[in-house]
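>
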Amino acid sequence: MTDYLLVMPITLLALFALGILVIDLWTPPEDKWINAVLAMCGVGFSAAAIWNPFRPTILAFLDERRLGGHPAMLNTMMVDRFAIYFWCLFLAATAVAILMSVSYLKTEHENHGEYYALMLLSVAGMMCMAAGFDIVLIFIGLELMAISTYVLVGFLRRDRRSNEAALKYLLLGAFSSGIFAYGLSLLYGLTGSTNLGVINQELTRHVLNSPYKPVAVVALLTTITGLLFKIAAIPFHQWAPDAYEGAPTSITGFMSVAVKAAGWAMLLRILVIGLMPMRAIWVPLLVFVSIATMTGANFAALTQTNTKRLLAYSSIAHVGYMLLGLIAGTATQLSPDGIKGILIYLLVYTFMNLGAFAVITSLRHRNVVGDELDDLNGLYSRAPVEAVLMLVFMLSLAGIPPLAGFWGKYFIFLSLIESGHYVLASLGVLYSVFGLYYYLKIANAMFMGQVEKGEERLPVSLTMRAAIAVTGIATLYIGLLPNSFIQLVNWALGIAQNPNVARLTQ
Amino acid sequence: MQAHILSIILFTPLVGAIFLLFVPKENKNAIRWIANIFALAGLVVSIPLVPMFWEQRFEPGFKFIEGAPSNWIPSIGAGYVLGIDGISFLLIMLTTLLGWISILSSWTAIENRVKEYYVWFLVLQTGMLGVFMALDFFLFFVFWEAMLVPMYLLIGIWGGPRKLYAAIKFFLYTLAGSVLMLLGILFLYFHHQHVTGIYTFSLQALYDTAPRIYSDYGPHVATLLFLSFFFAFAIKVPMFPFHTWLPDAHVEAPTAGSVILAGVLLKMGTYGFIRFSLPFFPNVLSNPATFLGMTVRGWMIFLSIVGIIYGALVSLMQKDMKKLVAYSSVSHLGFCTLGIFALTPLGLSGSVLQQINHGISTGALFLIVGILYERRHTREIAEYGGISNVMPVYATITMIMFLSSMGLPLLNGFVGEFTILQGTFMENWKWGAWAVPGVVLAAAYLLWLYQRVFFGTVTNPKNEKLHDLTPREVATFVPLLIMAFWIGLYPKPFFQILEQPVNHTISVVRPDYPLPAVNAAAQTATTVAPPSNMRSNTTPATSEQSGPAKMKGTN
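Right, dumping it as structure tokens:
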């Protein structure tokens, strides 16, 4: 298999992005939907490019033994099942985000081709992050994603909040990228290589000699700071609420799932492969960060009156739960269930959070901004289906079974119990109860709040309905019948597929 | 039919809910008819279970088992397994009956958003039935949590003035307890895997390994695990001091919601104690180690007794009728938990019977309050007086139900409370002695309430024109009255149904306990000692004891 085939999904996305930019020049303003169709095609072709060369790998679904990784592009990439899993996740999130954007951009009068081009480019960046096996490529992917997202956040030129958010995000993002790059450069200096595999070997040697070598610790601290910045964990979360609030709502949804998943893919690659020898040092750090994240985000979310900001804090809180999955395990060994929990969490989070943002996006029409909690008042009487699905998304975010969100939490807490972290597990579940309160605030507004000005039915466009339907069905389906998705994640991680469970005959 | 009867009972309400979704919401009367038909269908499909169950009532183990372990989510070992024993059988019948009654009682009470109301109610019905049927711990947990959502919406949308507060409080309180239970479940899951190498949530498998936690991990871990389950169940029951959500939820909920809340939801807590806490942690309960001067079991008894007295005293002081009934639930459920932790067959079967009784009596009390509220839109006791003059039928039914709730002989409450007290006295007479004032106080607050509301002349002119019960309203009470008299006059069949599961549970919790009047078929364990002569001699042969003894001969 040649390198070109392996990176075909990324290349196709970039090509489509450029194509959209060109075709956009000839498209009259009333036909801008063509851009969305093209972007959708780009996503579709990219997915086909994943499916085609990897069909043998994917079809070897039950073959757990072979991890099936293909080094590509001079060993800078590792196209393994982990990467494919994340690629598919990014593409699914992007497809839904495109559906969300079509009517939204029309309402905002900002229907430009660059929007979709930037979106596809950022996905190309994410794919490099997920598949990267070399810190330089990972960093380039990160920057490609981040710079595209900065522009997207500020896409509403006439909206001051959007501009402010973009600037804040740009400054803090650039700052964190700087710290991250500094950490990576130290790692390179320490190990003499940019390849994660080599870094791992060299660090193992260093750690054996002296476990707390100062340079190594500084490198770890700076790298981890950069990583935590990107996934918005407390105390590096300040950019998230502002950027989420100011960005166009469809982009907020996209950022909260795809960009976050990419950050997680990068974090897992670097921590689990590159910095694994220093696990004993980063676990206590993560314990602190995850408790701080759960505490801070859940408390901050309580008082929010802006739905986007509330969901921003909720997404920070979810990072706190996910970090617990990395903590599970022993001092030197990760718990496979913990990583599995993170991957499932990201999967279900993609659908439920995008769904929630899709509903909020649909509230934006004519002169209503629609991102305050009060705008949700009486949504049930204006748009019953959307309201019920929003309730599903909220309960799923809160982790109520049998909805998808429960499964993410389930595997995280399972891994904690398995490895004996009882206190952390209790803390985590209690915070998730705490979280229910602010999700119920949204439910209360929708079902029990009164419509203020005798409003008519909410106009929801066809594409938006499709986005809400897809995410809603996915949330319910994964919740009720999670088995194939659990198997999918097992496959992505190369974990044994058939655990010893009680069989039909007792 | 027999193979799938539990699934049919479980999903009939849900089918009704889905069917209702396709009825246009303007068509209120059609919605009411359809909802009532499905609610009645839910009751009707559960009736064939009665003769089927009756035939196998002494057979050991769970009956009508459906599904198999790990058939739902094979990769984690969770299955869709349903099955019942005598305890869950009675609770299921109570649920289908009360579900129908409460939907019938909502006909005029609910005027706005009718369709949603019935949809959520039917969904709630399925959730509650699932809790009592699940034989897979995971399935149980899913039903246990999923059922909170419709209840939250019922309180929050159709409730009283403080509905939002009450709804959120209810949801958060119960969820906080149950997430800790999830951690406990996961611990049992891994423990089972350590012992047998198999990942499973199957209840029958966990019954074998869970008691070993005490010896494998020591008393502290076992006690903590017991507590993780205890919080979930104690909040649900609710035991003192976890009861504070209950008055709010009961008072704010619509009438039918209160009926279901008191009649069925609270029983999930006691059911959880019997089904999980007792057989999983027998050693924790028999552990003599004390905490703050009392053993774990001592604490359970203590909290039950405090609940009995406290609930009754607070009821005495209420100005709002619904609040009075709500606090009386705390007191009555105190009797139920007292009976459970007395750990005697009599106490346990009395406790289950009392749960059924409480569902019947308190359900009826909430209906009674609801009927008055619908006519006058106030529940203040001071607003009423002399109601028996204008609503004689209503007054009569109320009297019967009050007497049943306070435990007058010939009615159901007496049988339950008496059996519980008898079972408790056999264990420790002091516990029984502390609980007895609860019975007296119950008579006091109920009779005093009756006197203030029904006796005398009509002082408030607004009450002069109240019309008596409509045929529909009478229809909601008839089944409850029949059940109240049946259990009061002839409780033998109920004790027979309970005999096998209760004896089995006691034999697991206290292997050395001499079980009185054991039916041969009901006992699988061969190690049970013959009944100690002292106990069987001193206990008078009440109907519930002579019944099984007679049956022993016929079987």
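These protein sequence lines are chains A and B, in that order.
Heads up: the first sequence begins at 1 in my numbering, then just goes up one per residue.
Heads up: the second sequence begins at 507 in my numbering, then just goes up one per residue.
Glycine included, C-beta positions come from ideal geometry on N, C-alpha and C.
Helix or strand or just coil, what does DSSP make of A:I495?
As a first step, residue 495 of chain A must be located in the first sequence, where it is residue number 495. A:I495: coil per DSSP, three-state reduction.
> Using only alpha-carbon positions, find the residue among B:E889, B:P997, B:G922 and B:G892 that is nearest to B:G856.
Start at 1 with the first residue of the second sequence, and residue 856 of chain B comes out as number 350. Out of B:E889, B:P997, B:G922 and B:G892, B:G922 has the C-alpha closest to the C-alpha of B:G856.
> Which residue from A:D134, A:G132, A:L171 and A:I138 puts its Cα closest to that of A:V151?
Position 151 of the first sequence, counted from the first residue, corresponds to residue 151 of chain A. Nearest option by C-alpha distance: A:L171.
> For B:P575 versus B:T706, is the C-beta spacing smaller than 8 Å?
As a position in the second sequence, residue 575 of chain B is number 69, starting the count at 1. As a position in the second sequence, residue 706 of chain B is number 200, starting the count at 1. Cβ distance < 8 Å, so B:P575 and B:T706 count as in contact.
> With 16 as the cutoff for other CB atoms within 10 Å, does B:H883 come out buried or exposed?
Stepping through the second sequence from its first residue, residue 883 of chain B is reached at position 377. When all chains shown are included, B:H883 counts as exposed.
> If I measure Cβ to Cβ from B:G633 and keep anything under 6 Å in the same chain, skipping five residues before and after, which residues do I get?
Here the question's residue 633 of chain B lines up with position 127 in the second sequence. For B:G633, where only same-chain residues beyond five positions count, the Cβ hits under 6 Å are F649, A652 and M653.
> So, helix, strand or coil for B:A1031, using DSSP?
By one-based count along the second sequence, residue 1031 of chain B stands at place 525. Bear in mind that the predicted position of B:A1031 carries a pLDDT of just 41, short of 50, making it unreliable; the figure below should be weighed with that in mind. Three-state result, B:A1031: coil.
> So, does the region 84–92 of chain A touch the region 129–138 of chain A, judging by three or more C-beta pairs under 8 Å?
With the cut-off at 8 Å, the region 84–92 of chain A and the region 129–138 of chain A touch.
> Which runs of the alpha helix (DSSP H) spanning at least 4 residues fall entirely within the region 245–300 of chain A, listed in chain order?
Correct list: 249–254 and 260–268.
> Please compile the residues from chain A whose C-beta is within a distance smaller than 7 Å of the C-beta of B:E651.
On the second sequence, residue 651 of chain B is found 145 positions in, with the first residue counted as 1. Simply I400 and P401.
> Using a Cβ-Cβ cut-off of 6 Å (strictly less than) and excluding sequence neighbours within five positions of A:K230, which residues of its own chain qualify?
Here residue 230 of chain A refers to the residue found at position 230 when the first sequence is read from its first residue. Result list for A:K230: G263, in chain order.
> So A:I486 contacts chain B; which residues on that side make the cut at Cβ distance below 8 Å?
For the purposes of this step, residue 486 of chain A is identified with residue 486 of the first sequence, where counting begins at 1. Simply I579, S581 and I582.
> Using a beta-carbon distance below 8 Å, is B:A1035 in contact with chain A?
Residue 1035 of chain B sits at position 529 when you count from the first residue of the second sequence. Low per-residue confidence applies at B:A1035: pLDDT is 41, beneath 50, and the placement is therefore not dependable, though the value from the model is reported in the following sentence. No, no contact with chain A.
> Taking only the alpha-carbon atoms, compute the straight-line gap between A:M126 and A:T249 and give it to the nearest angstrom.
As a first step, residue 126 of chain A must be located in the first sequence, where it is residue number 126. As a first step, residue 249 of chain A must be located in the first sequence, where it is residue number 249. If you take the alpha carbons of A:M126 and A:T249, they lie about 20 Å apart.
> Checking 8 Å against the spacing of the C-beta atoms, do B:K825 and B:E886 come in under that value?
Here residue 825 of chain B refers to the residue found at position 319 when the second sequence is read from its first residue. Here residue 886 of chain B refers to the residue found at position 380 when the second sequence is read from its first residue. Yes, the Cβ-Cβ distance between B:K825 and B:E886 is below 8 Å.
> Taking Cβ to Cβ, would you say B:A509 is nearer than 8 Å to A:V433?
Here the question's residue 509 of chain B lines up with position 3 in the second sequence. Here the question's residue 433 of chain A lines up with position 433 in the first sequence. No, the pair does not count as a contact, with Cβ atoms beyond the cut-off.
> Just to make sure I have the definition right: I need the residues of chain B whose C-beta is within less than 9 Å of the C-beta of A:S426. Which are they?
Taking the first residue of the first sequence as position 1, residue 426 of chain A is located at position 426. Residues of chain B passing the Cβ test: V685, L686, L689 and S734.
> Quick one: what's got a C-beta closer than 7 Å to A:E108's C-beta in the same chain, skipping five residues either side?
Counting from 1 along the first sequence, the entry for residue 108 of chain A is found at position 108. Only L156 and P248 meet the Cβ criterion.
> Identify every run of the alpha helix (DSSP H) within the region 535–571 of chain B, keeping only runs that are complete inside it and at least 4 residues long; order them along the chain.
Listed in chain order, they are 555–561.
> Is there a Cβ of chain B sitting closer than 8 Å to that of A:Y437, yes or no?
On the first sequence, residue 437 of chain A is found 437 positions in, with the first residue counted as 1. Yes, because at least one Cβ of chain B sits closer than 8 Å to the Cβ of A:Y437.
> Below 6 Å CB to CB, which residues in the same chain sit around A:F351 once its five sequence neighbours on both sides are set aside?
Position 351 of the first sequence, counting from 1, holds the residue named residue 351 of chain A. Taken in chain order, the residues that qualify are T471, A474 and T475.
> Does B:I616 have its Cβ less than 8 Å from a Cβ in chain A?
Stepping through the second sequence from its first residue, residue 616 of chain B is reached at position 110. Chain A contact via Cβ: absent.
> Just the Cα atoms here: how many angstroms apart are A:E372 and A:V259?
Reading the first sequence from its first residue, position 372 is the one you call residue 372 of chain A. Reading the first sequence from its first residue, position 259 is the one you call residue 259 of chain A. Between A:E372 and A:V259, the C-alpha separation is close to 24 Å.
> Identify which residue in A:L208, A:R465, A:V123 and A:H70 has its Cα closest to the Cα of A:I360.
The sequence position of residue 360 of chain A within the first sequence is 360, counting from 1. The option with the nearest alpha carbon to A:I360 is A:R465.
> Roughly how many angstroms lie between the CA atoms of A:L15 and A:L121, to the nearest whole one?
The count along the first sequence starts at 1 and reaches residue 15 of chain A at position 15. The count along the first sequence starts at 1 and reaches residue 121 of chain A at position 121. For A:L15 and A:L121, the distance between alpha carbons rounds to 9 Å.
> Would you say B:I663 lies against chain A (beta-carbon separation less than 8 Å)?
Here the question's residue 663 of chain B lines up with position 157 in the second sequence. Closer than 8 Å: yes.
> Locate the alpha helix (DSSP H) running through A:P336, then write down its first and last residues.
Reading the first sequence from its first residue, position 336 is the one you call residue 336 of chain A. A:P336 -> alpha helix (DSSP H) spans P336 to S362.
> Are three or more beta carbon pairs between the region 38–51 of chain A and the region 94–103 of chain A nearer than 8 Å?
With the cut-off at 8 Å, the region 38–51 of chain A and the region 94–103 of chain A touch.
> Hey, B:P717 and B:P788 are a contact pair by Cβ (cut 8 Å); roughly how many whole angstroms apart?
Taking the first residue of the second sequence as 1, we reach residue 717 of chain B at position 211. Taking the first residue of the second sequence as 1, we reach residue 788 of chain B at position 282. Going by Cβ atoms, the distance from B:P717 to B:P788 rounds to 6 Å, so yes, they are a contact pair.
> For the region 391–422 of chain A, which residues have a CB atom closer than 7 Å to at least one CB atom of chain B, in sequence order?
Taking 7 Å as the Cβ-Cβ cut-off against chain B, the residues of the region 391–422 of chain A that qualify are L395, I400, P401, P402, F413, L414, I417 and E418.
> For the region 471–495 of chain A, list the alpha helix (DSSP H) runs that are entirely contained and at least 4 residues long, ordered along the chain.
Runs found: 483–493.
> Relative to the C-alpha of A:A356, which candidate in A:R205, A:L220 and A:L389 has its C-alpha closest?
Counting from one through the first sequence, the residue named residue 356 of chain A turns up at place 356. It is A:L389.
> Using three-state DSSP, classify B:V629 as helix, strand or coil.
Within the second sequence, the letter at position 123 stands for residue 629 of chain B. Three-state result, B:V629: helix.
> Of the choices B:M905, B:A941, B:T750 and B:G892, whose alpha-carbon is the least far from that of B:T843?
Within the second sequence, the letter at position 337 stands for residue 843 of chain B. When only C-alpha atoms are compared, the closest one is B:A941.
> In the DSSP assignment, find the alpha helix (DSSP H) that holds B:P985 and state where it starts and stops.
Translated into the one-based positions of the second sequence, residue 985 of chain B becomes position 479. First-last of the alpha helix (DSSP H) with B:P985: P977 to L995.
> Strictly below 8 Å CB to CB, what residues from chain A border B:A682?
Position 176 of the second sequence, counting from 1, holds the residue named residue 682 of chain B. Here the neighbours are L430 and V433.
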